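Asker: Sequence positions in the sequence shown follow my numbering and run 11 to 200.
Every residue gets a Cβ at the ideal spot worked out from N, C-alpha and C, and that includes glycine.
Given the structure is predicted, the values throughout are model-derived calculations rather than measurements.
Take this structure, written in structure tokens, and hold onto it; I'll ask about it next.
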Amino acid sequence: MAQVYEFLATGFEEIEALAPVDILRRGGVEVKTVSVTGSDFVESAHGVTIKADMRFEQGGDFADADMLLLPGGMPGAANLKAHEGVCQALLRQHERGRRIGAICAAPMVLGAIGLLQGRQATCYPGFEKFLTGADYTARLWQEDGNIITGEGPAATLPYAYRILSYFVGEDQMREIQQGMMYVHLMESRG
């Protein structure tokens, strides 16, 4: 079974953190939220406090990760960028050739540690200046090799479904989209 970890720092964007966890778990993917605050609890950008599945210190080097995820939000993304352990885990994940996802402001973390050099990437408008070495596409989500980036809160669902497809395939992903009424949403005009 695939193992995904999502790093949560104080100031994370709620939908960008919790919707991918929800969608991946619906697909049977093992995903754990990881607090980088030193506490089990993490406060979001809008004052919602959640209890993470584990603290960063409990993850070792995250060698079993098939994918590492970074939600956006401010100051959440800046707090992830300032966390040396998160940056080292991302670099090791990349060296192993395994998947990494970042959405909204969080792709700036990948830019800061050199993982976007020569790659296409997207992010929340205005943060493209932090995507060091990347070709900014302004798409809802952008894949390039083992890295997927997302634009922002409204892009969370298509971004998360694309990530789910890596682990369960297109058919099961479409079934989950149907069950969550996503297909109906995309077909509606009002």
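Which same chain residues end up closer than 8 Å to T166 when comparing Cβ atoms and leaving out the 5 residues on each side of it in sequence?
Answerer: To locate residue 166, count along the sequence shown from 1; it is residue 156. So the qualifying residues of the chain are I25, E26, A29, P30, I113, G160.
Asker: In three-state DSSP terms, what is Y134?
Answerer: Counted from its first residue, the sequence shown places residue 134 at position 124. Residue state, collapsed to three classes: coil.
Asker: Have a look at D32, R149, M196, I123 and flag the residue whose alpha-carbon is nearest the alpha-carbon of R102.
Answerer: Taking the first residue of the sequence shown as position 1, residue 102 is located at position 92. When only C-alpha atoms are compared, the closest one is I123.
Asker: From what residue to what residue does the alpha helix (DSSP H) around T166 run?
Answerer: Taking the first residue of the sequence shown as 1, we reach residue 166 at position 156. From DSSP, the alpha helix (DSSP H) with T166 extends over 166–189.
Asker: Would you call A73 buried or exposed, if buried means 16 or more other Cβ atoms sit within 10 Å of its Cβ?
Answerer: Along the sequence shown, one-based indexing puts residue 73 at 63. When all chains shown are included, A73 counts as exposed.
Asker: Going by DSSP, what residue range makes up the beta strand (DSSP E) through L18?
Answerer: Locating residue 18 in the sequence shown gives position 8, counting from the first residue. Its beta strand (DSSP E) spans residues 13–18.
Asker: Work out the CA separation of T20 and G57 for me, nearest whole Å.
Answerer: Numbered from its first residue, the sequence shown carries residue 57 at position 47. Numbered from its first residue, the sequence shown carries residue 20 at position 10. Spanning the two alpha carbons is a distance of roughly 10 Å.
Asker: Buried or exposed, going by whether 16 or more other CB atoms sit within 10 Å of the CB of F66?
Answerer: Here the question's residue 66 lines up with position 56 in the sequence shown. Result: buried.
Asker: Select from F137, Y134, P135, L100 the residue whose C-alpha is nearest the C-alpha of D76.
Answerer: One-based indexing of the sequence shown puts residue 76 at position 66. Ranking F137, Y134, P135, L100 by Cα distance to D76 puts L100 first.
Asker: Cα separation between E153 and L126?
Answerer: For the purposes of this step, residue 153 is taken as the residue at position 143 of the sequence shown. For the purposes of this step, residue 126 is taken as the residue at position 116 of the sequence shown. So the alpha carbons of these two residues sit roughly 11 Å apart.
Asker: Taking just the CA atoms, how far does V178 sit from Q13?
Answerer: The sequence position of residue 13 within the sequence shown is 3, counting from 1. The sequence position of residue 178 within the sequence shown is 168, counting from 1. Looking at the two C-alpha atoms, the distance is approximately 13 Å.
Asker: Helix, strand or coil: which one does DSSP assign to D32?
Answerer: As a working mapping, residue 32 is identified with position 22 in the sequence shown. The answer is helix: DSSP assigns D32 an H, G or I state.
Asker: So, helix, strand or coil for A62, using DSSP?
Answerer: Your numbering for residue 62 matches position 52 in the sequence shown. Here A62 sits in coil by DSSP.
Asker: In three-state terms, what does DSSP make of F22?
Answerer: Indexing the sequence shown from 1 puts residue 22 at position 12. Three-state DSSP puts F22 in a strand.
Asker: Measuring alpha carbon to alpha carbon, tell me which residue in T47, E138, Q187, L150 is nearest M64.
Answerer: As a first step, residue 64 is located in the sequence shown; it is residue number 54 there, counting from the start. Minimum Cα distance to M64 is reached at T47.
Asker: Less than 8 Å between the C-beta atoms of A115 and Y134, yes or no?
Answerer: Against the sequence shown, residue 115 aligns to sequence position 105. Against the sequence shown, residue 134 aligns to sequence position 124. It is a contact, given that the beta carbons lie within the stated cut-off.
Asker: Give the range of the alpha helix (DSSP H) segment to which E105 is assigned.
Answerer: Walking along the sequence shown from the start, residue 105 turns up at place 95. Note, E105: alpha helix (DSSP H), 94–105.
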